[in-house]
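Quick note on our numbering: the sequence shown kicks off at 124 and runs consecutively.
Cβ atoms here follow ideal geometry from the backbone N, Cα and C, with glycine treated the same way.
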Amino acid sequence: MRVHRSGTTLAGAALAALALLLPLAGSAGAAPDAGARQVPARGTAGMGMGVLAHDGRGDAPGGTSVQAVQTEGVDVSSHQGNVAWSTLWNSGVRWAYVKATEGTYYKNTSFTQQYTGSYGVGMIRGSYHFATPDTTGGAAQADYFVDNGGGWSKDGRTLPGVLDIEWNPYGATCYGKSQAGMVSWIRDFLNRYKARTGRDAVIYTATTWWTQCTGNHSGFGATNPLWIARYASAVGELPAGWAYHTMWQYTSTGPTVGDHNHFNGDLSRVQALANG
């Protein structure tokens, strides 16, 4: 009887262990749960991709100085494809930014039409880089950006490049970096961009992301213009170091292309930024 009970116990234990292992083996190749966050394909990120999800819409308490005269602008990526630039120009849009690159692995397939098309109707335009600090270093991404549409020329119609640094659509919010590590990555990008072009890049970000992922670092405000993302009736609180914003992305649902922006000043101020 003792032998029989022992055999039964061993068999039961083996079956129990197998039952525990089967779900683990199955989960390794299983499809993600339907309720899990859908991760977009690399290269598809665009300005403000995480603003609605993390900041939402609505009035922001407080605010900073906004000029009485503001100049309308747009930003576009491959999502907009062949843009109706004449329509935008006729509606009062006078400047544009076009996504050029992402990480060191993606170039906007619509860049040429968008960049030359905006210029062709009379707009002052520039390009932006969507940062992915978890893939390669800041200097490497700055080089990739400059080499693929992110350069600058003193022709009065080319704005300095933009570092789009915001929520990670592909994974961890802060790209797996500490606050100090993120600041270091951003600094490496900005330093290389200036070394390559002679211009200080614009920083596009949102206050909530900047506070969380850089510790609200204040060290770039004296050199790098701020493009703030905030879908509300006021710009709200700015990241530390900036007393005012240069540009404000205020909606993702504007006419023709979605993302619309205000430049904090009249057209002469846009021209001044282009001229350096």
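Just curious, the alpha helix (DSSP H) that S391 is in, first and last residue?
-> Numbered from its first residue, the sequence shown carries residue 391 at position 268. For S391, the enclosing alpha helix (DSSP H) starts and ends at L390 to N398.
Identity of the residues DSSP links to M370 by a beta bridge = If you number the sequence shown from 1, residue 370 lands on position 247. Paired residues: W350 and F386.
Residue burial classification, K277 (beta-carbon count within 10 angstroms, cutoff 16) = Numbered from 1 along the sequence shown, position 154 holds the residue referred to as residue 277. Under a 10 Å Cβ-count criterion, K277 is classified as exposed, with fewer than 16 other Cβ atoms of the shown protein chains found around its own Cβ.
If you pair each beta-carbon of the segment 305 to 315 with each one of the segment 289 to 296, do three or more pairs fall below 8 Å?
-> Contact fails: fewer than three Cβ-Cβ distances are below 8 Å.
Compare the C-alpha of V291 against each of N213, A345, G226 and G215 and name the closest.
-> Taking the first residue of the sequence shown as position 1, residue 291 is located at position 168. Here residue 291 is Asn; the residue named in the question, Val, does not match the sequence. Selected option, being the one with the closest Cα: G226.
Opposing strand residues paired with S250 [DSSP bridges] | Within the sequence shown, numbered from 1, the residue matching residue 250 stands at position 127. Paired residue(s): V221.
Own chain partners of T337 with C-beta closer than 6 Å, once the 5 adjacent residues on each side are dropped = Here residue 337 is taken as the residue at index 214 of the sequence shown, counted from 1. Here the set comprises Q302, M305 and V306.
Go ahead and label G204 buried or exposed: buried means 16 or more other beta carbons lie within 10 angstroms of its beta carbon, across all protein chains shown.
-> Along the sequence shown, one-based indexing puts residue 204 at 81. Exposed, because fewer than 16 other Cβ atoms sit within 10 Å of the Cβ of G204.
Between which two residues does the alpha helix (DSSP H) harbouring Y327 extend?
-> Counted from its first residue, the sequence shown places residue 327 at position 204. Careful: Y327 lies outside any alpha helix (DSSP H), inside the beta strand (DSSP E) at V325 to T328.
So the alpha helix (DSSP H) L361 belongs to, where does it begin and stop?
-> The residue given as residue 361 occupies position 238 in the sequence shown. It is not in any alpha helix (DSSP H) - L361 carries neither H nor E in the DSSP assignment.
Do you know whose CA, among G342, M246, G166 and G272, lies nearest S214's CA?
-> In the sequence shown, counting from the first residue as 1, residue 214 sits at position 91. Of G342, M246, G166 and G272, the residue nearest in Cα terms is M246.
Within its chain, find whatever has a CB closer than 6 Å to the CB of W332; leave out the 5 residues flanking it on each side and keep chain order.
-> Residue mapping note: residue 332 aligns to position 209 of the sequence shown, counting from 1. These residues qualify, in order along the chain: E289 and W290.
Kindly identify the DSSP beta-bridge partner or partners of E195.
-> Within the sequence shown, residue 195 is the residue found at index 72, counting from 1. H385, per the DSSP bridge assignment.
Three-state secondary structure (DSSP) at D266?
-> Counted from its first residue, the sequence shown places residue 266 at position 143. Helix, per DSSP.
Buried versus exposed, by CB contacts within 10 Å (16 or more), Y228 = To locate residue 228, count along the sequence shown from 1; it is residue 105. Under this definition Y228 is an exposed residue.
Since Y400 sits in a beta bridge, which residues does DSSP pair it with?
-> There is no way to answer for residue 400, as the model of the chain reaches only from 124 to 399.
Please report the residue range of the alpha helix (DSSP H) in which D311 lies.
-> Taking the first residue of the sequence shown as 1, we reach residue 311 at position 188. Note, D311: alpha helix (DSSP H), Q302 to T320.
Starting from L286 and walking both ways along the beta strand (DSSP E), at which residues does that stretch end?
-> The count along the sequence shown starts at 1 and reaches residue 286 at position 163. Per DSSP, L286 belongs to the beta strand (DSSP E) from V285 to D287.
Short check: CB of V192 to CB of A219, under 8 Å?
-> Residue mapping note: residue 192 aligns to position 69 of the sequence shown, counting from 1. Residue mapping note: residue 219 aligns to position 96 of the sequence shown, counting from 1. Going by C-beta atoms, V192 is not nearer than 8 Å to A219.
Of the residues V269, R319, F312 and Q335, which one's Cα is nearest the Cα of I326?
-> Counting from one through the sequence shown, the residue named residue 326 turns up at place 203. Residue F312 is the option with its Cα nearest to I326.
Using the C-alpha atoms, what's the distance from A397 back to D323?
-> Position 200 of the sequence shown, counted from the first residue, corresponds to residue 323. Position 274 of the sequence shown, counted from the first residue, corresponds to residue 397. So the alpha carbons of these two residues sit roughly 11 Å apart.
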